[in-house]
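Heads up: the structure comes next, in C-alpha cells.
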Amino acid sequence: MTNSFSPIRITTFAYHDINNYSGTASHSHKLPQWYCVIKGKLEYTVDGKTILLNDYDSVFVKPGEIRTIKKTTAKIKYLHIIFEDLSLNVSYPSATLYHLPLELRSCLSSLIKEHTNPGLKNSNTLIDVLASRILIELNRDSRRLNKDGALNPLKNRELIEQADIFIQHNYNKPIVRADVSSLIGLSSVHFARLFKEITGTTFGQRLTEVRLQAAQRFLKDSSLSISLISVEVGFNSFSHFTQLFKKEIGLSPSDYRRKNAI
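Throughout the sequence shown, residue numbering follows our numbering, covering 1 to 262 in sequence.
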C-alpha cells in the first residue's frame, strides 16, 4: 500500500492478538522492519543482541539482520511493519529499544483500527499517513541521538539521574513527562526511551513508585487522613490511589497503617 505523497511504501502490515504465542524462528527481511509490542512481554534478538520488549516497546531491524523472537508471556498483542523507505531516509542504531510515548499511542490505536477495518473509505491512505508519522517521530529521536552524541552512556545516566532527582522533589505536583524531558533538554520520545533503558522502568512507573513510597511514610509517621495523604503525594483520584497502593504494596492503605502502627 502506498500513495503519491507517502515517504514509505508498506509491503507487509501484520497485527496479531494471540493467546498462545510460541515465538518466531530465526529469519531476516530484505527491507527495514518496525516491530512493536502493544501488550505482553517477549525477547527480541537481533544479530545476537537480546532486547526485552514490554507494553509499547518497539524495535527497528535493518535489512538482512537475523532476528529471533521468544515469548515470555503466552498472551501477546503486537504488530510489525515492513516498509520501503522512499524519502524518509531512516537512520537508527541497531537493536535499540524505542518506547512509544503517550502522544503516539493514539496514533498507533488509529493505525490498528484502520488495518482491522479495511473497508473504511481512504483506509490505505490513512494507514500510510499514521505509520509515517510514527516512523518520522521515532526517526527524529534516532537522528537527534546520533547528532548530539547522546550515545555517551555517562552523559545519558547523568541526565536520567537529574530527571529522577526532579521526580523525587516534585512528585506531589501534577508533573508530566514533557516537563521533565524539557528540563534536561531532551525530546519526549528520546527521554522516554533513555529513561526505560537506564532505569528498567518507565517515567510513569517511577513517578508512581516515588508517590507510593511517600504515601507509606505518611501512613507510618503522620495522623493525616488517607484521603488527604493521597492528595499530598500527587494523586487526583482517591480511588485510583487506593487501587494502586494495594496492587503495588499488597495491602490497602488502611491495613498498611494498622500493620505499621507504632
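Ideal placement from N, C-alpha and C gives every residue a C-beta, glycine not left out.
Residue i vs residue j beta-carbon contact at 8 Å
i, j, result
"F203", "V180", "yes"
"L104", "L135", "no"
"P118", "F83", "no"
"A14", "V59", "no"
"I226", "S254", "yes"
"L159", "I175", "no"
"I81", "T12", "yes"
"E114", "L120", "yes"
"L52", "K41", "yes"
When the options are compared against residue i, the one with the closest alpha-carbon
i, options, result
"K30", "L52, I38, G64 and N19", "G64"
"Y56", "R133, C36 and E43", "C36"
"I10", "A215, K41, I38 and L86", "L86"
"K220", "V233, T73, N54 and R258", "R258"
"Y98", "I184, N54 and I249", "N54"
"D17", "I51, E161 and A74", "A74"
"P101", "R177, E161, N122 and W34", "R177"
Rounded straight-line distance, which links the Cα of residue j to that of residue i
i, j, result
"I8", "L251", "50 Å"
"D47", "T24", "14 Å"
"D148", "A192", "Because D148 sits at a pLDDT of 49, beneath the cut-off of 50, its placement in the model cannot be relied upon, and the point is left open."
"I66", "S26", "6 Å"
"T45", "L111", "26 Å"
"N139", "S222", "49 Å"
"R157", "P93", "18 Å"
"Y256", "L244", "13 Å"
"S6", "Y78", "24 Å"
"N19", "A261", "44 Å"
"D128", "S28", "23 Å"
"H169", "W34", "37 Å"
"H240", "E43", "31 Å"
"S237", "S132", "36 Å"
"T116", "E137", "23 Å"
"E161", "S187", "16 Å"
"S91", "E197", "19 Å"
"V61", "L130", "20 Å"
"S182", "Q216", "30 Å"
Close Cβ partners of residue i (< 6 Å) along its chain, the five nearest in sequence each way excluded
i, result
"Y21", "K71 and I76"
"R211", "Y171, V233 and G234"
"A150", "Because the pLDDT at A150 is just 47, under 50, the model does not fix this residue reliably, and the point stays unresolved."
"K155", "none"
"K49", "A95"
Contacting residues, own chain, Cβ-Cβ under 7 Å from residue i (five flanking each side not counted)
i, result
"K246", "S252"
"T242", "S252 and P253"
"A214", "Y171 and V233"
"L126", "E114"
"F106", "The amino acid occupying residue 106 in the given sequence is Ser; Phe does not appear at that position. Closer than 7 Å at the Cβ level, and outside the excluded window around S106, lies no residue."
Own chain, CB closer than 8 Å to residue i, minus 5 neighbours either side, in chain order
i, result
"R206", "D164, I167, F195 and T199"
"L224", "F218 and E232"
"E248", "T208, E209 and L212"
"K173", "G234"
Exercise. Pick out the complete alpha helix (DSSP H) segments inside the region 98-143, 4 residues or longer, and give them in chain order.
Key: List check, alpha helix (DSSP H) in window: 102-116.
Quiz item: Which parts of the region 19-52 are runs of the beta strand (DSSP E), unbroken and 3 residues or longer, counting only runs that do not cross its ends?
Solution: For the beta strand (DSSP E) assignment, the uninterrupted runs of no fewer than 3 residues enclosed by the region 19-52 are, from N- to C-terminal side, 24-27, 33-39 and 42-46.
Quiz item: Quick one: complete alpha helix (DSSP H) runs, 4+ long, within the region 162-243?
Solution: Taking 4 residues as the shortest admissible run, the region 162-243 contains the following complete alpha helix (DSSP H) segments, listed from N- to C-terminal end: 177-183, 188-199, 203-221 and 226-232.
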